[in-house]
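Trainee:
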Amino acid sequence: MTYEELSAFVADMGEKPFRAGQLFAWLHARPVSSFDQMTDLSAALRASLAERAKLVSPVPVQVLESKTDGTKKYLFALEDGNVIESVLMKYSYGWSVCVSSQVGCRMGCRFCASTLEGRVRDLAASEMLGQIYGISAHAGVRVSHVVVMGAGEPLDNYDNLLRFIRLLCDPRGQNLSGRAVTVSTCGLVPQIRRLAEEGLQITLALSLHASSQEKREKLMPIAKRYALGDVMAACRDYEKATGRRITFEYSLVRGVNDTDADAKALAALVRGMRCHINLIPVNPVKERNYRAPDRRAVLAFQNKLEKSGINVTIRREMGTDIGGACGQLRKSYLEGSRQE
Ligand code: SAH
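Throughout the sequence shown, residue numbering follows my numbering, covering 6 to 345 in sequence.
(1) Give every residue of the same chain whose Cβ lies closer than 6 Å to the Cβ of TYR163, excluding the five residues on either side of it in the sequence, and list them in chain order.
(2) At what residues does the beta strand (DSSP E) containing MET94 begin and finish?
(3) Give me the Cα-Cα distance between ASP326 and LEU200, rounded to the nearest whole angstrom.
(4) Rank GLU70, ARG198, GLY248 by C-alpha distance to the C-alpha of GLN206 and give the top, closest one.
(5) What beta strand (DSSP E) runs, 3 residues minimum, are completely inside the region 119-170?
(6) Inspect the CB distances between the region 257-274 and the region 302-319 and report whether three or more fall short of 8 Å.
(7) Going by C-alpha to C-alpha distance, which of ARG300, GLY314, LYS229 sits closest to VAL194?
(8) Within this structure, are the beta carbons of LEU284 and ILE251 separated by less than 8 Å?
(9) Name the two residues that bound the continuous alpha helix (DSSP H) containing SER189.
(10) Quick check on GLN218: buried or exposed, where buried means 16 or more other Cβ atoms within 10 Å of its Cβ?
(11) Got a sec, what are the start and stop residues for the beta strand (DSSP E) GLN107 sits in?
(12) Would you mind sorting VAL66 into buried or exposed? The rule is 16 or more other CB atoms within 10 Å of its CB.
(13) Leaving out five residues before and five after ALA246 in sequence, what residues of the same chain have Cβ atoms less than 8 Å from its Cβ?
(14) Checking 8 Å against the spacing of the C-beta atoms, do TYR43 and TRP31 come in under that value?
(15) Using 8 Å as the cut-off, can you tell me whether the region 100-119 makes contact with the region 68-75, which would need three or more C-beta pairs spanning the two stretches below that distance?
(16) Could you tell me which whole beta strand (DSSP E) segments of length 3 or greater appear in the region 216-302?
(17) Quick check on PRO36: does DSSP put it in helix, strand or coil?
(18) Tell me the DSSP secondary structure of PRO65 in three-state form.
(19) Measure the C-alpha to C-alpha separation of THR76 and SER141 and round it to an integer number of angstroms.
(20) Determine the extent of the alpha helix (DSSP H) in which SER313 is found, giving its start and end residues.
(21) Work out the CA separation of GLY139 and VAL104 for me, nearest whole Å.
(22) Going by beta carbon distance, what residues of the same chain come within less than 6 Å of ASN316, once the five residues before and after it are set aside?
(23) Counting beta carbon pairs with one atom in the region 168-179 and one in the region 211-226, are three or more of them shorter than 8 Å?
(24) Express the C-alpha separation of GLN107 and ALA58 in angstroms, rounding to a whole number.
(25) Give a single yes or no on whether GLY19 has its beta carbon closer than 7 Å to a heavy atom of ligand 1.
(26) Under three-state DSSP, which class holds SER342?
(27) I think VAL303 touches VAL258, with their Cβ atoms under 8 Å apart; what is that distance to the nearest whole Å?
(28) Could you compute how far the alpha carbon of LYS95 sits from the alpha carbon of VAL148?
(29) Start and end of the alpha helix (DSSP H) containing ALA48?
(30) Use the C-beta contact count for LYS78: other C-beta atoms within 10 angstroms, 16 or more gives buried, fewer gives exposed.
(31) According to DSSP, simplified to helix, strand and coil, what is PHE81?
(32) In the structure shown, what three-state DSSP assignment does GLY26 receive?
(33) Alpha carbon to alpha carbon, what distance is there between ALA16 and ARG51?
(34) Looking at SER101 and HIS143, is the spacing between their C-beta atoms short of 8 Å?
(35) If you check the beta carbons only, do ARG198 and GLU244 fall under 8 Å apart?
(36) How is the alpha helix (DSSP H) around VAL102 delimited, first residue to last?
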């Protein structure tokens, strides 16, 4: 519930308005997992809350910790038995959590493990927040940055995503700055346009992966629905409306989108935009035959873009010793439980 919804709920119970503030703090500022832990509420009120409302938190069923960089991968069980994964990463600027937005995904990107079996369901805002609160409690850290780059297509779950972001940025809760939140999309044009009008300062990361319509269609079925030209126009308008620089994600696949000509076409595509390109050497998924270029080819690709004056980084690989790649923890967990 938003603060306003919670206020109405509390009023409906016949409670004083300040109770909404107390409850909101227990739910979001220093989250607890049961009404009984809300010690400044009377026992009668706690009992009455437990009768009328439900407080559920995703339960960590598996936590893997990298020995090399401290990255932690969490597998959470939801109330209905579905499992999702999230990642905690340490950066110089603080702790960042990568959250999932759906159980599975229906976008079908060819190289992605999370979409192999389609979408099971959307996550509720509480389930997205629950990943952050659960990790924060388990690891004992304050999460300062959030990237919606886990399994799922966030803009395919638009209303829950917006509710999640607004709750996360509420000054009475975690009080994250919009600038500390990044939403990654495969390029759903109408939703990108809608997001631009929400008055948020969040960063939009666009999964580009190819600089021609033809190549993009081969990697991402969604490209058939939204033409590259329309996606780029929506990104330019997003930048204009929000003043926020777009991040383009480009997964490098050997022999598919990694040549000099690809780099040149990419530079031409983003010319004139204030943007950032993040190169991701593709993480191999065993069902697919995609491989990352060797290190030298990745650096050459980066170099070529830099020479055109583009801001480029190569995604730092984190947690590779714990099966770090996208969606693979959940996948191996599901495969394991099927064999049992
Ligand atoms: N649905 C959102 C979030 C998905 S995951 C989106 O499409 O942006 C975040 C990023 O990881 C996306 O850019 C996605 O294309 C990329 N990705 C997924 N699987 C990958 C893999 N095996 N190797 C490299 N990048 C991958």
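Don't be surprised by glycine CBs; every beta carbon is placed ideally from N, CA and C.
This structure is a prediction, so every number in the text was calculated from the model and none was measured.
Mentor: Taking the geometry as given:
(1) GLN196, listed in sequence order.
(2) 88-96
(3) 36 Å
(4) GLY248
(5) As far as the region 119-170 is concerned, its whole beta strand (DSSP E) runs of at least 3 residues are 124-127, 148-153.
(6) yes
(7) LYS229
(8) no
(9) Not the alpha helix (DSSP H): SER189 falls in the beta strand (DSSP E), residues 186-190.
(10) With fewer than 16 other Cβ atoms within 10 Å, it is exposed.
(11) 107-109
(12) With fewer than 16 other CB atoms across the displayed protein chains lying within 10 angstroms of its CB, VAL66 is exposed.
(13) ALA201, GLU202
(14) In the sequence on display, residue 43 carries Met and not Tyr. Yes, these two residues count as a Cβ contact at 8 Å.
(15) no
(16) 251-257, 280-286
(17) coil
(18) strand
(19) 13 Å
(20) It is not in any alpha helix (DSSP H) - SER313 carries neither H nor E in the DSSP assignment.
(21) 11 Å
(22) Spatial neighbours of ASN316 in its own chain (CB-CB distance under 6 Å, excluding positions within 5 residues in sequence) are listed in chain order as HIS281.
(23) The answer is no - the region 168-179 does not touch the region 211-226, with fewer than three Cβ pairs under 8 Å.
(24) Just so you know, the alpha carbons of ALA58 and GLN107 end up roughly 24 Å apart.
(25) no
(26) helix
(27) No, VAL303 and VAL258 are not in contact; Cβ-Cβ is about 11 Å, not under 8 Å.
(28) 10 Å
(29) 48-57
(30) buried
(31) In the three-state reduction of the DSSP assignment, PHE81 falls in the strand class.
(32) helix
(33) 15 Å
(34) In this structure, the beta-carbon distance from HIS143 to SER101 does not fall below 8 Å.
(35) no
(36) Note, VAL102: premise wrong, no alpha helix (DSSP H); beta strand (DSSP E) at 99-103.
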